[in-house]
Amino acid sequence: MFFIPKSPANPPVVQLSSPQTPLAADENKINLFLMSDEQILEQINSSITHVHTDTKFDANSLFTLVQNTLRRSTHIVDNVVQGSPASVEHVDDIIPPACFTSPLCTLKDINYKMSCKAPGEQSAHETTLTILKKLSEKHYDWYAKAVLTLAAFALEYSEFWLLAQHQPTDLVARSLAVLKRVPALTRPAAVQKYRQAIAEVNNLVKTILEVIELIFNLKKLRTHVTKEVPALVPAIEQLPIDINIDVYWTIITITAIVTKIEILTTESEQTQELSQYGQRINIIIIKLRKQVTRIEQLIDEEISYGRLKNAIMSVTEITQVYKLLIFSTAGTPQQLFDGETKNTVDISVLNKKNVYFFMSTLDITDKEISELTPVYDATKTDEQYKIVWIPIMEELNDQLLQKFEELKTKVPWYVVHMPLGNKAGIRYIKENWHFTMNPLVALLSPQGKVDNTCVIETIRVHGPTAFPFRKVDVERVEKELRWIESVVVGIDRQLLDAEIKKIRIRQNPCLNVIL
């Protein structure tokens, strides 16, 4: 309940454990808004032991009820502030399970601890520590601590504004409203006087509700990842999710709001500022939104990658592989740039062809491009083979796109319409074809099956005689070299190696540097 605040004669002072902890001007009060999260958590952990063993508490159902009541009551307040009759917004309630039992005694106990407290940061901090300690003794986790405190507040706040709605027509509500000092905020003169303060409180209540919604959403997402996408667990665990400090700021802000309402309803001369609490809560919301978005993004990427991987396993045509790797959306133009004619062509030119997927970053050199020139020359006489350059760009910007446009005019083979930015496609190439940002050429059959992902290495070792660089071609060349070795088995080993080297160099002079 909201009672008349009474300042204790000798208010307790929190003893600070660190000389670096910020103090107010009189050296007797803390200044929470100058303290770091680490300093606040140090105070919490030094005075409270958190043991979370209550697995039976249904925090989700309680939060559902809190959402139902606060969404309606904040709408009533909006109408009052705007000068409209107090009314309830039509919201489809989410009904909790029939077996749910309200922790009423705990809620009343929390309300008692928040009521009739002196304004100020130190009082709010002490009250918050008291609530956290009490709930820790009952073995509630941080999620439960947050929703229990918000539920205790919702019990009073929603009742207050429900009475405001019904007092004109219900005699019982009218009497209860007087006991609750409802008219002190709902009379026309009071609304006019406190309009800004009422709106500030109500907006902060909405913001706190969003914080708890985000916290619960994070919890659900983490649970979903653990059960359904275990591969993401290491990545999720690296995210800086500071549930403890977020819950602390939520509870202390609720405590400050309770004091503010009591000051308004009693027309006290005391003051309770909420702006700094609101700023801190807004910072938390921004952080939580980013965390939720990041986890959802990771889940979506994992699902997309899984679908891509399964789809590629079942393809029967080379163009299907191309589409799956390159196009992240259905509306992307399915065209190729023909480096020889400088015109665009449809990807159907790859149908029933063996295709070399030439993958690299935009940092590719002229020398690296020239390594494929003999292959391209060979494809001119063998129409069953085509080359497609697929630049990998994990981040797209105008400068890189301009560089891409310049580079694609230097190659005579096909080039993708746009650089590969499809995250699932890039991940597939990295994990399955072992692309490491160095140029890589993978040879795929007309049926879309990978034949050789080491074409560049094959070219460097065996030269054009291994064309078209299928695995059988590599085996053929190696067999020929082994045959030479068997013929000259009586020759000195060093002499044999030198002869093999000469043969390879004749096949590809560039190997003189490598061998």
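Quick note: the sequence shown uses my numbering, first residue 1, plus one each step. We put the beta carbon where it would ideally sit given N, CA and C, even for glycine.
Please classify residue i: is it buried, with 16 or more other beta-carbons within 10 angstroms of its beta-carbon, or exposed?
i    : result
T149 : buried
K113 : buried
I283 : exposed
V472 : exposed
H67  : Correcting the residue type first, residue 67 is Gln in the shown sequence and not His. The residue is buried, with at least 16 neighbouring Cβ atoms inside 10 Å.
M359 : buried
G120 : buried
L34  : exposed
A231 : exposed
L350 : buried
S123 : buried
P103 : buried
P439 : buried
G463 : buried
V345 : exposed
Would residue i and residue j qualify as a contact pair, given that the criterion is a beta-carbon distance under 8 Å?
i    : j    : result
R181 : T265 : yes
S158 : F100 : no
F357 : I390 : yes
I241 : H125 : no
L107 : L155 : yes
V201 : I285 : no
W161 : I243 : no
T361 : G448 : no
I312 : L324 : yes
I263 : A164 : no
L129 : I257 : no
V355 : F467 : no
W413 : I387 : yes
K260 : Q272 : yes
Which value, in whole angstroms, describes the spacing of the CA atoms of residue i and residue j?
i    : j    : result
I215 : V178 : 37 Å
I281 : S73  : 20 Å
L396 : M437 : 16 Å
V80  : L401 : 55 Å
V292 : Y322 : 32 Å
W249 : Y277 : 8 Å
G306 : K133 : 45 Å
D519 : V172 : No answer is possible for residue 519: it lies beyond the span of the chain, which begins at 1 and ends at 515.
P97  : S304 : 34 Å
T223 : E371 : 50 Å
Q384 : P446 : 9 Å
M393 : I364 : 12 Å
L444 : Q39  : 59 Å
Q334 : Q320 : 11 Å
P188 : H139 : 46 Å
V441 : P234 : 31 Å
C105 : F57  : 14 Å
E237 : S47  : 27 Å
R294 : H50  : 28 Å
A522 : S348 : Because the chain here runs from 1 to 515, residue 522 falls outside it and cannot be looked at.
E478 : L239 : 50 Å
Return helix, strand or coil for residue i, following the three-state DSSP convention.
i    : result
V114 : In the sequence under discussion, the amino acid at residue 114 is Met, which differs from the Val named in the question. Here M114 sits in helix by DSSP.
L23  : Low confidence applies here, because L23 scores a pLDDT of 43, under 50, leaving its location unreliable; read the following figure in that light. It is a strand residue.
A442 : strand
I392 : strand
N60  : helix
V429 : Here the sequence assigns Ile to residue 429, which means Val is not the residue at that position. Three-state DSSP puts I429 in a helix.
S360 : strand
I30  : strand
D451 : strand
K479 : helix
I94  : coil
R385 : Strictly speaking, residue 385 in this sequence is Tyr, with Arg absent from that position. Strand, per DSSP.
V51  : coil
V416 : strand
L536 : In the structure as shown, the chain starts at 1 and stops at 515, and residue 536 therefore has no counterpart that could be examined.
N68  : helix
H75  : helix
G463 : helix
D473 : helix
Item to complete: Report the residue ranges of all beta strand (DSSP E) runs contained in full by the region 280-355; include only those spanning at least 3 residues, in chain order.
Response: 335-338, 343-346
Discussion item. Runs of 4 residues minimum, wholly inside the region 180-234: which ones carry the alpha helix (DSSP H) assignment?
Written reply: 183-186, 188-228
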